[in-house]
Amino acid sequence: MSLPVFGPGQDPGPSFADLLNRTAVPPPASGGPSGPGGSGGGTGAQAPQTAHGTTIVAVRYADGVVMAGDRRATEGYSIAHRAIEKVYPADRHSGVSIAGAAGFAVEMVKLFQTELEHYEKVEGSALSLEGKANKLGQMVRANLGMAMQGLAVVPIYAGYDLRRRTGRIFKYDITGGRYEEDDFHATGSGGRDARTTIKLGYREGLDREAAIELAIESLYQAADEDSATGGPDVVRGIYPTVATITADGFERVGEDEVAERFQALIARKSAEGQQR
């Protein structure tokens, strides 16, 4: 297999997506019996239900950012998956969490990871954190057609900015609009309840332990109010995913630590309930 050769003005540069577009085999013509114009389905056919991820949060603290997400995926009013992953490393110093159509979201994360790695290999240096946030915004915008059909993907992107030496959080809308949040953000079906919990407990200069506790409690409260958000499943040993991003890089918080913190939270809530 030979490497592709591009003429003047056709070089895709550091974009992996453009590279694929310039080297991909043309798709088969549509309109046949099994194509979009065939007799396989009418325009009034109802789209099947797809799995949707629900609640994700990000909290900035003294050393970086904490990202967390519950583990439940839903199909309508049914639970599609009890242990889906919603928090992923994007590269060494950033992470992305997903809410919305799970299949599209996971594929978007994989392509985003590849885009960042490809750029670094071609250019010899990593994109700035803002550049990475912009690239993810372009990918969300490319999904707008599917979003208008109910298959939206709305991520949170966060990372440690090596130039500014601080953690930063970016949120998105379905059009790919990118907005930076100063201290915290939460989205998904339980996002409003999670944001309220964080807002009440947030203070400037949180340490790692306090930031993790706040993220965990926000997911607990969201699960208490929102049926699509999965709370801690003590019987099955399923707890939300939590990760930190600092100058040392992306690091998942150990499952044992997360379980211990949730059990302490549940015990505290139980004690508060008995005192009322």
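Residues in the sequence shown are numbered from 987 upward in steps of one, following my numbering.
Positions of the beta carbon are idealized from the N, C-alpha and C atoms, including for glycine.
Computed from a prediction, not measured in an experiment: that's the story for all the values here.
- For M1053, the enclosing beta strand (DSSP E) begins and ends at G1050 to G1055.
- Residue I1224 holds the alpha-carbon nearest to the alpha-carbon of R1068 among I1224, L1137, S1080 and S1256.
- Only buried fits L1115, as 16 or more other CB atoms lie within 10 angstroms of its CB.
- C-alpha of K1096 to C-alpha of I1065: approximately 24 angstroms in a straight line.
- In the three-state reduction of the DSSP assignment, I1042 falls in the strand class.
- By the criterion of a C-beta distance shorter than 6 angstroms, V1052 is surrounded in its chain by V1045, A1197, I1198, A1201 and T1230, once the five residues flanking it on both sides are discounted.
- Across the structure, R1058 and S1111 are spaced so that their CA atoms are roughly 37 angstroms apart.
- Going by DSSP, Y1105 is part of the alpha helix (DSSP H) stretching over A1088 to E1109.
- Counting only the Cα atoms, S1204 lies some 18 angstroms from Y1143.
- In this structure, G1162 places its C-beta atom within 9 angstroms of the C-beta atom of Q1124.
- DSSP places T1230 inside the beta strand (DSSP E), whose first and last residues are T1227 to T1232.
- Of the residues assessed, E1101 falls on the buried side of the cut-off, its CB having 16 or more other CB atoms within 10 angstroms.
- For a cut-off of 8 angstroms, the C-beta gap from H1079 to L1148 is around 6 angstroms, short enough to register as a contact.
- Look at V1126 here: in three-state DSSP terms it is helix.
- DSSP places T1152 in the strand class (E or B) of the three-state scheme.
- When C-beta atoms of the segment 1126-1138 are compared with those of the segment 1165-1179, fewer than three pairs fall below 8 angstroms, so the two segments do not count as touching.
- Per the C-alpha coordinates, the member of P1141, V1108, G1153 and D1210 positioned closest to D1159 is P1141.
- Leaving aside the five residues that flank I1070 on each side, the residues in its chain whose CB is nearer than 8 angstroms to its CB run, in chain order, A1037, G1039, R1057, R1058, A1059 and A1088.
- Within the DSSP secondary-structure output, P1075 pairs in a beta bridge with G1081.
- Residue environment for K1157: buried (at least 16 other C-beta atoms within 10 angstroms of its C-beta).
- Put simply, the backbone Cα of Y1074 is about 13 angstroms away from that of V1043.
- Between the alpha carbons of G1062 and S1213 lies a distance of about 11 angstroms.
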